[in-house]
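Chemist: There's a structure below that I have some questions on.
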Amino acid sequence: MVKQMSRANRKLEHIKYALESNKEEVSAFDGMKIIHQSVTSLNWDDIELHTKLGGLSLSSPLFVNAMTGGGGMDTETINKNLAIAAKETGISMSVGSQMSAIKNNEEERTYRVVRSENPNGIIFANLGSEASVEQAQRAVDMIEADALQIHLNVLQELIMPEGDRNFERMESRIEAIVNRLPVPVIIKEIGQGFSKESALRMKNVGVEYIDVAGKGGTNFSIVENRRRKTPLSSFDYWGIPTPASIKEVHSVFPECQLLASGGIRNGLDGAKSLILGAKAFGMAGSLLKVLVNEGLEALVERIEDIHKEVQMIMLMLESKTPDQLAGKPHVFTGELYDWIHQRI
Ligand code: FNR
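Per this note's numbering, the sequence shown starts with residue 1336, numbered consecutively.
Here you go:
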């Protein structure tokens, strides 16, 4: 019971601190400029947001990334509202880690609400890399998920006093889940980004979908340090900035179904991700902030504006579909340029 209470508290603390954690004043996305084009031949009415992510057919390249569930009423209400917004705007969404509901059935309703509110939507289940094949299948069944996200969060675990310390079987567990599950398995970071080396290790165990979830947005080093008596602040800005991470993964694993997330603020950052090779882009903290501070209607408007921004860029860059943005002319400046030229 005490353990359950502390897990519920942790979820609410995560939400509170995550909303305050984005301290980076400069986004790495600002180190990438799309080259404006004056001449186009497209009609707004022909711009199509539908796109493919491997075997999944998405109405939009934007998705709500994994955040919450478990604990009590508060997370159920948040998930319900995120699901309503996702349904109204036709975007996909993930739930937060379902391990707490796998350990305590009573918490399942805080996740199931996402499916009951949006019976036909594309929904991703979510677990950590400690999950077994059976647990992975249960998470998918719980919400009739279209795909499963497995999050890798080594730094967060190490900063958490109660976190995991043993990652010996991470790759073999992921390999088993990828081989045995009937739905796509997306391996994601939670804000530190994927490197070339880690992407290749995932490729070697059969992974086809990676969400880079890079540095630049919600920052779990800061979140977890807020919960420690003695913060390990050296890690506050550890990680690979999201646009650099997309380039890293795409450079060694071009056939990967790449998702981008981590500090995506708007449709412009989303479009930049698609230009760099992502097929979809996720937003977590910034959408949650709109929901919590301004309400459901404001969240729906925000998502519609993000869609509008992506469509504007698509029209200017002569791209009828999101995937046609891939490789459109752009330049890098400053730190992002330095990173890319040393690593790619
Ligand atoms: C998260 N994130 C997350 N990721 C995951 O795979 N499982 C989880 O349970 C959670 N929990 C969670 C809670 C809260 C409150 C936030 C804000 C985020 C991480 C999330 O999916 C995403 O990878 C990062 O937040 C980076 O994206 P943003 O927030 O910068 O858009």
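Backbone N, C-alpha and C define an ideal beta-carbon position, used for all residues, glycine too.
Please read these numbers as outputs of a predicted model, since none were measured by experiment.
(1) Using the Cβ count rule (16 or more neighbours within 10 Å means buried), how would you classify V1558?
(2) DSSP state of K1351, grouped into three classes?
(3) Specify the secondary structure class of P1657 as computed by DSSP and reduced to three states.
(4) Among N1378, L1377 and P1396, which has the Cα closest to the Cα of T1386?
(5) Mind checking whether the beta-carbon of K1523 lies closer than 8 Å to any heavy atom of ligand 1?
(6) Would you say D1640 touches ligand 1, meaning its beta carbon is less than 8 Å from a heavy atom?
(7) Take every Cβ of the segment 1481–1497, pair it with every Cβ of the segment 1442–1455, and state whether three or more of those distances are shorter than 8 Å.
(8) Give the DSSP-derived three-state secondary structure of I1638 in the structure shown.
(9) Return yes when the C-beta of S1429 is under 8 Å from any heavy atom of ligand 1, and no when it is not.
(10) Is DSSP giving G1620 helix, strand or coil here?
(11) Among the residues of its own chain, which have a CB less than 6 Å from the CB of E1423, if the five just before and after it don't count?
(12) Less than 9 Å between the C-beta atoms of S1432 and A1471, yes or no?
(13) Thinking just about the alpha-carbon of each residue, which of L1611, T1577, D1365 and Y1672 is nearest to the one in V1547?
(14) Could you compute how far the alpha carbon of L1660 sits from the alpha carbon of L1611?
(15) Identify whether Y1544 lies in helix, strand or coil by the three-state DSSP scheme.
(16) Hey, how far is the Cα of F1667 from the Cα of V1584?
(17) Express the C-alpha separation of N1560 and E1497 in angstroms, rounding to a whole number.
(18) Cβ of T1668 versus every heavy atom of ligand 1: is any distance shorter than 8 Å?
(19) What is the C-beta distance between L1487 and A1474, in whole angstroms, given that I count them as a contact (C-beta under 8 Å)?
(20) Where do the ends of the alpha helix (DSSP H) carrying V1558 lie?
(21) Below 9 Å between beta carbons: does that hold for F1616 and L1609?
(22) Measure the Cβ-Cβ separation of S1580 and L1567 and say whether it is below 9 Å.
(23) Are the Cβ atoms of L1388 and P1519 separated by less than 9 Å?
(24) Would you grab the beta carbon distance between L1593 and A1613 for me? Rounded to a whole angstrom, and I think it's under 8 Å.
(25) If we count the other Cβ atoms within 10 Å of its Cβ and call it buried at 16 or more, is I1370 buried or exposed?
(26) So, for G1425: in the same chain, excluding its five sequence neighbours on each side, which residues have a beta-carbon less than 7 Å away from its beta-carbon?
(27) Taking 9 Å as the threshold (C-beta atoms), are I1382 and S1427 in contact?
Modeler: Quick answer:
(1) Residue numbering aside, residue 1558 sits at position 223 when the sequence shown is read from its first letter. When all chains shown are included, V1558 counts as buried.
(2) On the sequence shown, residue 1351 is found 16 positions in, with the first residue counted as 1. Helix.
(3) As a first step, residue 1657 is located in the sequence shown; it is residue number 322 there, counting from the start. Of the three classes helix, strand and coil, the one that applies to P1657 here is helix, per DSSP.
(4) Along the sequence shown, read from residue 1 onward, the residue named residue 1386 stands at position 51. Out of N1378, L1377 and P1396, P1396 has the C-alpha closest to the C-alpha of T1386.
(5) The residue labelled residue 1523 in the question sits at position 188 within the sequence shown. Yes, since a heavy atom of ligand 1 falls inside the 8 Å radius drawn around the Cβ of K1523.
(6) Numbered from 1 along the sequence shown, position 305 holds the residue referred to as residue 1640. Every heavy atom of ligand 1 is 8 Å or more from the Cβ of D1640, so no.
(7) They do not touch, by the three-pair rule.
(8) For the purposes of this step, residue 1638 is identified with residue 303 of the sequence shown, where counting begins at 1. Secondary structure of I1638 (DSSP, three-state): helix.
(9) Within the sequence shown, numbered from 1, the residue matching residue 1429 stands at position 94. Yes, ligand 1 has a heavy atom inside 8 Å of this Cβ.
(10) Working through the sequence shown from its first residue, we reach residue 1620 at position 285. G1620 falls in the helix class under three-state DSSP.
(11) Sequence index remark: in the sequence shown, residue 1423 carries index 88 (1-based). If you ignore the 5 residues before and after E1423, its C-beta comes within less than 6 Å of the C-beta of V1635, all in its own chain and listed in chain order.
(12) In the sequence shown, the residue the question calls residue 1432 occupies position 97. In the sequence shown, the residue the question calls residue 1471 occupies position 136. No, the pair does not count as a contact, with Cβ atoms beyond the cut-off.
(13) Locating residue 1547 in the sequence shown gives position 212, counting from the first residue. Comparing Cα-Cα distances from V1547 to each of L1611, T1577, D1365 and Y1672, the minimum goes to T1577.
(14) One-based indexing of the sequence shown puts residue 1660 at position 325. One-based indexing of the sequence shown puts residue 1611 at position 276. Here the alpha carbons of L1611 and L1660 stand approximately 9 Å from one another.
(15) Here the question's residue 1544 lines up with position 209 in the sequence shown. Y1544 falls in the strand class under three-state DSSP.
(16) For this step, residue 1667 is matched to residue 332 along the sequence shown. For this step, residue 1584 is matched to residue 249 along the sequence shown. Pairing F1667 with V1584, the inter-Cα distance amounts to about 17 Å.
(17) Start at 1 with the first residue of the sequence shown, and residue 1497 comes out as number 162. Start at 1 with the first residue of the sequence shown, and residue 1560 comes out as number 225. Those two C-alpha atoms are separated by around 13 Å.
(18) Position 333 of the sequence shown holds residue 1668. No, the beta carbon of T1668 sits no closer than 8 Å to any heavy atom of ligand 1.
(19) Counted from its first residue, the sequence shown places residue 1487 at position 152. Counted from its first residue, the sequence shown places residue 1474 at position 139. At roughly 16 Å, the Cβ-Cβ gap does not stay under 8 Å, so L1487 and A1474 are not in contact.
(20) Here residue 1558 refers to the residue found at position 223 of the sequence shown. Run containing V1558: F1555 to R1561, per the alpha helix (DSSP H) assignment.
(21) For the purposes of this step, residue 1616 is taken as the residue at position 281 of the sequence shown. For the purposes of this step, residue 1609 is taken as the residue at position 274 of the sequence shown. Yes. Within cutoff.
(22) In the sequence shown, counting from the first residue as 1, residue 1580 sits at position 245. In the sequence shown, counting from the first residue as 1, residue 1567 sits at position 232. At least 9 Å separates the beta-carbon of S1580 from that of L1567.
(23) Sequence index remark: in the sequence shown, residue 1388 carries index 53 (1-based). Sequence index remark: in the sequence shown, residue 1519 carries index 184 (1-based). Their beta carbons are under 9 Å apart, which means L1388 touches P1519 by this criterion.
(24) In the sequence shown, the residue the question calls residue 1593 occupies position 258. In the sequence shown, the residue the question calls residue 1613 occupies position 278. Separation of the CB atoms of L1593 and A1613 is rounded to 5 Å, and the pair is thereby assigned contact status at 8 Å.
(25) Residue numbering aside, residue 1370 sits at position 35 when the sequence shown is read from its first letter. If you draw a 10 Å sphere on the C-beta of I1370, you find fewer than 16 other C-beta atoms in it, and that means exposed.
(26) Stepping through the sequence shown from its first residue, residue 1425 is reached at position 90. Result list for G1425: S1394 and S1395, in chain order.
(27) Here the question's residue 1427 lines up with position 92 in the sequence shown. Here the question's residue 1382 lines up with position 47 in the sequence shown. Against a cut-off of 9 Å, the Cβ pair of I1382 and S1427 comes out as no contact.
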